[in-house]
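Visitor:
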Amino acid sequence: MSSRKNFRRPRQIPYVFLSFLGLVVLALAAVLIWHSAGFGDETAGGPDSKPAGSDPSAVVPLPAPRIPVFEQNGIKRTASVVDGQLATYDGEQWQTSFWPGINFGATTPGHFPGQVSPTKDDYLRWFPQMQAMNIKAVRIYTILPPDFYEALAEFNAGQDKPLMLMQGIWSPEEDLIGADSNGRDAFSKTITSSFEQEIRDAAAVVHGQADIPARTGHASGTYKADVSPYLLGWIVGTEWYPYAVQATNEAHVGMKPYAGKYFRAKAEASPFESWLAQMLDVLAEEEMKYGWQHPVSFTNWVTTDPLDHPNEPLPQEDLVPVDPMHIEPTQDWSAGYFASYHVYPYYPDSLRRDQKYLDYVNAAGEKDPYAGYLNELRAHHTGIPLIIAEFGMPSSRGIAHYGLLGRSQGMHQEQQQGELNAGMLKQIYNEDYDGALLFEWQDEWFKFTWNTIELEAPGDRRAMWRNRLTNEEHFGVVAIEPEETAEDAMTIDGRTDDWEKRGLVAEDVGNGVKMAMTHDASDLYVLLQKDGGDWNFDADELTLGFDTTPGGSRNAKLAPGIRFDGGQEFLARFAAGQGGRLYVNSGYDQFSWLYGYKLKSVPYKAAYANDEAGLFLPWKLALNRELYLPQSKVDTPFEAYDVGKLHWGTNDPESDKFNNLSDWYLEGDTLELRIPWMLLGFTDPSRLQVWKYPYGTDSVTPIDTNGISVSAVLSQAGSPSKAAPKSRMYTWDAWDLPAYHERPKKSFDILKDAFSEYDGQVEGSTRN
């Protein structure tokens, strides 16, 4: 999609409660849990053998589940749709509940989703943490390795209130999109047969009767753990590509609605909706082979919702609907059917442009466009349960899209992340939804987003380093941070003990400054110590030059009088009233090259192309191109964000000055910086690669570098310097598997408290 490429992301997903004594024990255990070193690095796999759906006697012997099972006419259920709501069986009756949960990714640093790197020990560590956070349901997007299901079965066997599972089934997304991105007919034999096999495998996996051969990019192995008693529901498919929906509908005009034994399409259903009904029916048939039924849904999102968005500027974002109300279960499917959507407040643009949402007043009497959308979506889905299967905010140093009421796609401190997520959770609950699954449990380094992906090359190395500018990497409530333990990590706090631990001492670089450098998988760290007194940026000015590749300017109009000993790609300045800012050489600036020189979307000067001219520009990320709003009949301007503004604070989570966005901190004569790799032009720091000067290659192309040369000039405020600074070179060894550790974000406890408010049964509903 243009929208998928530009503003969306790959997806990836949790429930439960203990007795009072259990919670006390869990809380004590959690203190130890958070200090564990991290995940394993195995790649899941399994032997080639017989197909899914084999021998029931092969199920792993585990303690009997405590969860009661309802059985009628030989069919078992633990979850069901009752009176239009999701319910679980308590041994006597069906209890409806609001389901606060979480989406759960399948990666650890250095790995991609198809490598399914988490181990059983990881899962057994995370499940109690989820429970401690008052999470009631965990959603996964696809089949995970046997370790996941074995760990879930073992963990839940000891629980009075188990962690429920929302099992996703991955659709053949790339085939539906097509190599040319024009979309493909879902009824094509390749797509349909592939999806049906994935559905059969998923059913066999959940019931502990699968043997899946090894296949690149997929989990495999022998599955013997039966987790069907803990299955709250199925969520089938991925976010539907609008051009695939359109292609399917156009290829089958006049198609008779699908009518299956367990699911059928209504008379008004489109061909694509009929195809979905057929896929749900395949799943139901597979479930019945094991004597079980569970509630069934399919993934949907704002792009293919059934609502009208008259002010949506991008045609593909309101091109074609996929309406859950056009599909229904037959009387033979007692477990029922529900709808699930991914809904974020910052994209598509209609959520902040449609006047009906801007005018909506929420339950607290405040205007809230997110609640306005939720209200309209809920009103459409009468008579069936409806959950928000994805919502969330990232605590990233970068940003990809503006949102209203502070709900932007990035640039949030962790406490703000928690508060915004808790606020959205409340809006979802107040608008009469049946559940809300937060995106996501842990940060994932492999993720990408539209406004940084071209600067991350090669793409198959993205998981090896953390890009603080990529918002998609930072949605988790658990931070995944460089170095094996917190004790090994670098901390910018005005102290030098961590530098000394690494055997590093600041060395004289002239101009009254001593400097040292080090790095991790996320940042370059620079230690600057001032001779003869404390740093005072009311009286001092500090200029830093960064040289990574041939080319660049030896002087800078922002720092008159300074003559560097090599061409500079970047310049950092600390001065009175400005704090700290990082600037990029105009000839090296990918933003003005792409959006000014190439696309003519922002103001541009021909002088920018001269990398020796000494022009240094603000470091910007694009957030939105100029758009036309069809209902308002107005043009909206290009939107960008100056990510070169350096944030003050410490990255020490125990400090009251903690700021996860922080880039610099000073104490007395000691100034410490941590600069995200991408801000210094690195496309892959794990392989020492930066981007070339774009005007010479007409592209953003990676090139090897020997490291980074840094110069420092201290001068009096307002007085031009005549210094000729001595640069210092820093280099490092390439790496293939990054060290990392886990840390609960400041949002964790905020969301723990928020989720605890929804730990009760729901007696009734206002919906009709």
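Numbering-wise (full-length UniProt numbering), the sequence shown opens with residue 1 and increments by one.
Note that the Cβ used here is the ideal one computed from N, Cα and C, for glycine as well.
1. If you compare alpha carbons, which of P315, Y290, R674 and V322 is closest to W301?
2. Throw me the rounded Cβ distance for the W619 and V584 pair, which I believe falls under 8 Å.
3. List the DSSP bridge partners of M729.
4. If we ignore side chains and look at the alpha-carbon of each, how far apart do N375 and G383 end up?
5. Using a Cβ-Cβ cut-off of 7 Å (strictly less than) and excluding sequence neighbours within five positions of A457, which residues of its own chain qualify?
6. On the premise that I169 lies in contact with I140, defined as a C-beta separation below 8 Å, what is that separation, rounded to the nearest angstrom?
7. On the premise that Y230 lies in contact with M288, defined as a C-beta separation below 8 Å, what is that separation, rounded to the nearest angstrom?
8. Classify N585 as helix, strand or coil using the three-state DSSP reduction.
9. Compute the Euclidean distance between the alpha carbons of P56 and S228, then round it to the nearest angstrom.
10. Which complete alpha helix (DSSP H) runs does the stretch 231–303 hold, if anything under 4 residues is left out?
11. Using 8 Å as the Cβ pair cut-off and three pairs as the minimum, do the stretch 749–761 and the stretch 600–620 touch?
12. Going along the chain, which residues of its own chain have a beta-carbon closer than 6 Å to the beta-carbon of D349, five neighbours each way excluded?
13. Tell me whether the beta-carbon of V513 lies closer than 8 Å to the beta-carbon of L714.
14. Measure how close the beta-carbons of A436 and I387 come, nearest whole angstrom, since I'm counting them as under 8 Å.
15. Along the alpha helix (DSSP H) that carries A157, what are the first and last residues, could you check?
16. Secondary structure at P324, three-state DSSP: helix, strand or coil?
17. May I ask you to report which of helix, strand or coil DSSP gives V343?
18. How many Å lie between V282 and S297 at the Cα?
19. What does the Cβ neighbour count give for M729, buried or exposed, with the cut at 16 atoms within 10 Å?
20. Measuring CA to CA, which of Y429, K447 and D547 is closest to I708?
21. Measuring straight from C-alpha to C-alpha, what distance separates L504 and F564?
22. Buried or exposed, going by whether 16 or more other CB atoms sit within 10 Å of the CB of S711?
23. Excluding the 5 residues flanking A739 on each side, which residues of the same chain have their C-beta closer than 6 Å to its C-beta?
24. In or out: F611 buried (at least 16 other Cβ within 10 Å) or exposed?
25. Using a 10 Å radius around the Cβ and a threshold of 16 neighbouring Cβ atoms, would you call T190 buried or exposed?
26. Assign E473 to buried or exposed, taking buried as 16 or more other Cβ atoms, counted over all protein chains shown, within 10 Å of its Cβ.
27. Apply the 10 Å Cβ neighbour rule to N182 and answer buried if 16 or more other Cβ atoms are within range, or exposed otherwise.
28. I want to know whether the stretch 239–253 touches the stretch 144–156 - three or more CB-CB distances under 8 Å.
29. Does the stretch 264–272 come within contact of the stretch 193–208, defined as at least 3 CB pairs closer than 8 Å?
30. Leaving out five residues before and five after V31 in sequence, what residues of the same chain have Cβ atoms less than 7 Å from its Cβ?
31. Using DSSP's beta-bridge definition, name the partner residues of M133.
32. Which of the three DSSP states is assigned to A575 in this structure?
33. Alpha carbon to alpha carbon, how far is S699 from T107? Give it in angstroms, no decimals.
34. For the candidate residues L307, D83 and Y223, whose alpha-carbon lies nearest to that of Y357?
Guide: Once the coordinates are examined:
1. V322
2. 5 Å
3. Beta-bridge pairing links M729 to S709.
4. 15 Å
5. In chain order, T683, D684 and P702 place their CB closer than 7 Å to the CB of A457, counting only its own chain and leaving out the 5 sequence neighbours on each side.
6. Contact flag wrong, Cβ pair sits at about 10 Å.
7. The pair is not a contact, with the Cβ atoms about 19 Å apart (cut-off 8 Å).
8. If DSSP states are grouped into helix, strand and coil, N585 belongs with the strands.
9. With a pLDDT of only 40 at P56, under the threshold of 50, the placement of this residue in the model should not be trusted; the figure read from the coordinates follows. Answer to the nearest angstrom: the Cα atoms are 13 Å apart.
10. 242–251 and 271–289
11. no
12. P313
13. yes
14. 7 Å
15. Per DSSP, A157 belongs to the alpha helix (DSSP H) from P146 to A157.
16. helix
17. Under the three-state reduction of DSSP, V343 is assigned to coil, being neither helix nor strand.
18. 13 Å
19. When all chains shown are included, M729 counts as exposed.
20. D547
21. 25 Å
22. buried
23. E483 and E484
24. First, the residue type needs correcting, since residue 611 is Asp and not Phe in the sequence shown. D611 is buried by the Cβ-count criterion.
25. exposed
26. Taking every protein chain shown into account, the CB of E473 has 16 or more other CB atoms within 10 angstroms, so this residue is buried.
27. exposed
28. no
29. no
30. Note that V31 scores a pLDDT of 37, beneath 50, so its modelled location is shaky and nothing firm can be said.
31. DSSP, once it has assigned bridges, lists no residue as partnering M133.
32. strand
33. 31 Å
34. L307
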